[in-house]
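Number of protein chains: 2
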Amino acid sequence: MNIGEVAERSGIPTKTIRYYEDIGFLHPKRNENGYRIFEDTELHKLTFIGRARSLGFNIEECRALLALYEDKDRGSADVKKIAQQHVKEIEDKIADLIAMRDTLTHLINACAGDHRPDCPILDNLSDGKTKEA
Amino acid sequence: MNIGEVAERSGIPTKTIRYYEDIGFLHPKRNENGYRIFEDTELHKLTFIGRARSLGFNIEECRALLALYEDKDRGSADVKKIAQQHVKEIEDKIADLIAMRDTLTHLINACAGDHRPDCPILDNLSDGKTKEA
DNA sequence: TCTAAGGCTTCCAGTCACTGGAAGGTCAAG
DNA sequence: CTTGACCTTCCAGTGACTGGAAGCCTTAGA
Numbered sequence: 001m002n003i004g005e006v007a008e009r010s011g012i013p014t015k016t017i018r019y020y021e022d023i024g025f026l027h028p029k030r031n032e033n034g035y036r037i038f039e040d041t042e043l044h045k046l047t048f049i050g051r052a053r054s055l056g057f058n059i060e061e062c063r064a065l066l067a068l069y070e071d072k073d074r075g076s077a078d079v080k081k082i083a084q085q086h087v088k089e090i091e092d093k094i095a096d097l098i099a100m101r102d103t104l105t106h107l108i109n110a111c112a113g114d115h116r117p118d119c120p121i122l123d124n125l126s127d128g129k130t131k132e133a
Numbered sequence: 001m002n003i004g005e006v007a008e009r010s011g012i013p014t015k016t017i018r019y020y021e022d023i024g025f026l027h028p029k030r031n032e033n034g035y036r037i038f039e040d041t042e043l044h045k046l047t048f049i050g051r052a053r054s055l056g057f058n059i060e061e062c063r064a065l066l067a068l069y070e071d072k073d074r075g076s077a078d079v080k081k082i083a084q085q086h087v088k089e090i091e092d093k094i095a096d097l098i099a100m101r102d103t104l105t106h107l108i109n110a111c112a113g114d115h116r117p118d119c120p121i122l123d124n125l126s127d128g129k130t131k132e133a
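So the sequences go chain by chain: A and B. Each residue of the first sequence is one higher than the one before, counting from 1 in full-length UniProt numbering. Each residue of the second sequence is one higher than the one before, counting from 1 in full-length UniProt numbering.
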């Protein structure tokens, strides 16, 4: 397979595939003409990485998962640990975002949204206090 | 005030303050020795930006809010619109993260987490399917 | 008066995970 | 033989900082 076909089948852009080669995720062979040739195993790897990325694992986490994936002797405990750590991080982010949303929603509700310049949102950004109606 | 004091009072690092000057948020005057001198208005602006950033507004949104903040004739509707748009984006992110978390939690629950190599998490990353017990 | 510490300056480079674009080689169809 | 799609490499940019180097300025203490 050439890079274009792999890109289509894995759903990962060619640019990104080359980048993944740069950072050592893949080592495709080369044709006489310099083109990369991908085997099925490379396609699988790419798909694997794509799924992990879409679950929010960062590149280093993907590298760790990939190493575990390729290590036939790893225990599932290692993988579970990475995943659990990751769930914790996701939950922290969710909590942060919910706090943001609630604060903003609160401010929006306090804001008349008309042509007068009086604006609780800006007031809050300016002095950190929310005025109640 | 010198930059160090402003940094302490606004909670924004000196590096970041200089960066904010670079991108045109501030225009502090300079001393004979080249040091930046900050007035109270600059401190207020920085605090304003800091709060907006902590609410997840990006730099361009901050720029817009700052412009509205400094425009005495703006209607609160303009500000409300930016904030509402932002709440939408936050809610999208929350939904994404919840989906990620649920998928991962599901996989973690299916994973024995022992020393055997059989691992539903890797299996899923590899083939996109979750095996039920 | 010298020195040392700390604060200030600028500029350059790195972060993360790509993404865009330029310049040019290769290949298959018409 | 040309056209267009595909491939290659390399360089630069994204967002929002952050780190570090090199060097000037100020202040306190010996």
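Every residue gets a Cβ at the ideal spot worked out from N, C-alpha and C, and that includes glycine.
DSSP, read as helix, strand or coil, puts Ile37 of chain A in strand. Interface annotation for the segment 70-94 of chain B against chain A: Asp71, Lys72, Asp73, Arg74, Gly75, Ser76, Ala77, Asp78, Val79, Lys80, Lys81, Ile82, Ala83, Gln84, His86, Val87, Ile90, Glu91, Lys93 and Ile94, criterion Cβ-Cβ distance under 9 Å.
Rounded to whole angstroms, Pro120 of chain B and Gly113 of chain B show a C-alpha spacing of 10 Å. Under the three-state reduction of DSSP, Arg74 of chain B is assigned to coil, being neither helix nor strand.
Here the alpha carbon of Phe57 of chain B sits roughly 46 Å from the alpha carbon of Arg116 of chain B. Of all residues in the segment 102-118 of chain B, the ones placed with a Cβ closer than 9 Å to any Cβ belonging to chain A are Thr103, Leu104, Thr105, Leu107, Ile108, Cys111, Ala112, Gly113, Asp114, His115, Arg116, Pro117 and Asp118, in chain order.
Between the alpha carbons of Ala7 of chain B and Thr47 of chain B lies a gap of roughly 10 Å. Counting along the chain, the unbroken alpha helix (DSSP H) around Leu125 of chain A starts and ends at Pro120 to Asp127. Counting the other CB atoms within 10 Å of its CB gives Tyr19 of chain A a total below 16, which places it among the exposed residues. C-alpha of Leu122 of chain A to C-alpha of Glu61 of chain B: approximately 13 Å in a straight line.
The three-state reading of DSSP puts Arg116 of chain A in coil, since its state is none of H, G, I, E or B. Counting every other CB atom within 10 Å of its CB across the protein chains shown gives Lys88 of chain A a total below 16, marking it as exposed. For Arg53 of chain B, none of the residues of chain A pass the 9 Å Cβ criterion, the least Cβ distance being about 10 Å. Setting aside the 5 residues that flank it on each side, Asn31 of chain A is surrounded in the same chain by Ile37, each with a C-beta closer than 6 Å to its C-beta; the list follows chain order.
Residue-level contact by beta carbon fails for Phe25 of chain B and chain A, as no gap is shorter than 8 Å. At least one beta carbon of chain A lies nearer than 8 Å to the beta carbon of Ser126 of chain B. Sequence-distant Cβ neighbours of Cys111 of chain B in its own chain, meaning closer than 7 Å and more than five residues away, are Cys119, Pro120 and Ile121.
Bounds of the alpha helix (DSSP H) holding Ile3 of chain A are Ile3 to Ser10.
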